[in-house]
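Numbering (the working numbering), first residue to last: 9 to 250. All residues carry an ideal CB built from backbone N, CA and C; glycine is no exception.
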Ligand code: TMP
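Written out as structure tokens, the structure reads:
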């Protein structure tokens, strides 16, 4: 990235740079992948580009459905321009199917469909290992107002409806996903971060048998191999559809 832009923040999968407009940022998607709070690390050449392309398309889809997001435009293959937000330190996970940590922490059977979408909220804090957090603790810690939390939950449910319908059309099952929100300079709540196979579980519906074929970061988390091939397939299906 051109050094006239100042690095404001570096996360595990993205870098955020300043923009000449004070209310915008430049987000660069990295090829790095981490899992289990960085216990596992690797680099996948081309992942940054794929996640940037996939996220941009999904943000455009959501914006067209009136979801407020930080996305403004694609800058180049692995960078996008976004509105500057103050990120709310919560990870909002929505689950349609029981998988991952939900099955490790409860008696729910792997792969069972939930009667209704479940929202699990985690505190975004690597040192504390992103613990599950309650509404009362969010209020106690003054992380976000009760009204804003209600808006975040309503937005997450609406995003799930939009994404489930969209992914079904391209033969993908949306198992679960993680979102992050923030406030813009006018204090509006916007969807931030990214929406990509790094933070969504997507299963291939083009399979004849009942076996689960993950086209997401579980390929890395569970040592399945073929991560770039899986992300490329998602990108291809999105581009063929749109
Ligand atoms: P989990 O089953 O490990 O709790 O993950 C639920 C969903 O959230 C899954 O789609 C992966 C995503 N996720 C992230 O994007 N970042 C994280 O740090 C974690 C733990 C999960």
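Item                                                                                                                                                                                     : Value
Quick one: using the 10 Å Cβ neighbour count with 16 as the cut-off for buried, is residue 96 buried or exposed?                                                                         : buried
With DSSP as the reference, label residue 159 as helix, strand or coil.                                                                                                                  : helix
Compute the beta-carbon to beta-carbon distance between residue 252 and residue 174, rounded to the nearest angstrom, for a pair I have assumed lies under 8 Å.                          : Given a span of 9 to 250 for the chain in the structure shown, any question on residue 252 remains unanswerable.
Can residue 209 and residue 224 be called in contact, C-beta distance under 8 Å?                                                                                                         : yes
Suppose contacts are defined by Cβ-Cβ distances below 8 Å. Is residue 128 in contact with residue 152 by that definition?                                                                : no
Is it a yes or a no for the stretch 85 to 93 touching the stretch 184 to 200, going by three-plus beta-carbon pairs under 8 Å?                                                           : yes
From 142, 163, 37, 202, pick the residue whose C-alpha is nearest to that of residue 125; which is it?                                                                                   : 163
What ranges does the beta strand (DSSP E) occupy inside the stretch 21 to 89, keeping only unbroken runs of at least 3 residues that lie completely in it?                               : 22 to 26, 32 to 37, 40 to 43, 48 to 51, 79 to 84
Residue 248 to residue 144, Cα distance in whole Å?                                                                                                                                      : 44 Å
What span of residues does the alpha helix (DSSP H) with residue 248 cover, start to end?                                                                                                : 235 to 249
Given 8 Å as the limit, is there contact between the stretch 46 to 66 and the stretch 100 to 120, that is, 3 or more CB pairs closer than that?                                          : no
According to DSSP, simplified to helix, strand and coil, what is residue 212?                                                                                                            : strand
Please state if the CB of residue 75 and the CB of residue 167 are separated by a distance shorter than 8 Å.                                                                             : yes
Looking at the secondary structure, which residues open and close the beta strand (DSSP E) in which residue 185 lies?                                                                    : 180 to 187
What does the alpha-carbon distance come out to for the pair residue 139 and residue 133?                                                                                                : 8 Å
So does residue 222 have its beta carbon nearer than 7 Å to some heavy atom of ligand 1?                                                                                                 : no
Which term fits residue 179, buried or exposed, when burial requires 16 or more other beta carbons within 10 angstroms of its beta carbon?                                               : exposed
Report the CB separation of residue 199 from residue 77 in whole angstroms; it is logged as a contact under 8 Å.                                                                         : 4 Å
Can you have a look at residue 204 and say buried or exposed, based on whether 16 or more other CB atoms are within 10 angstroms of its CB?                                              : buried
I need the boundaries of the alpha helix (DSSP H) containing residue 110, first residue and last residue.                                                                                : 109 to 113
Could you name the residues of the same chain whose beta carbon sits closer than 6 Å to that of residue 24, not counting the 5 residues immediately before and after it, in chain order? : 16, 17, 33, 35
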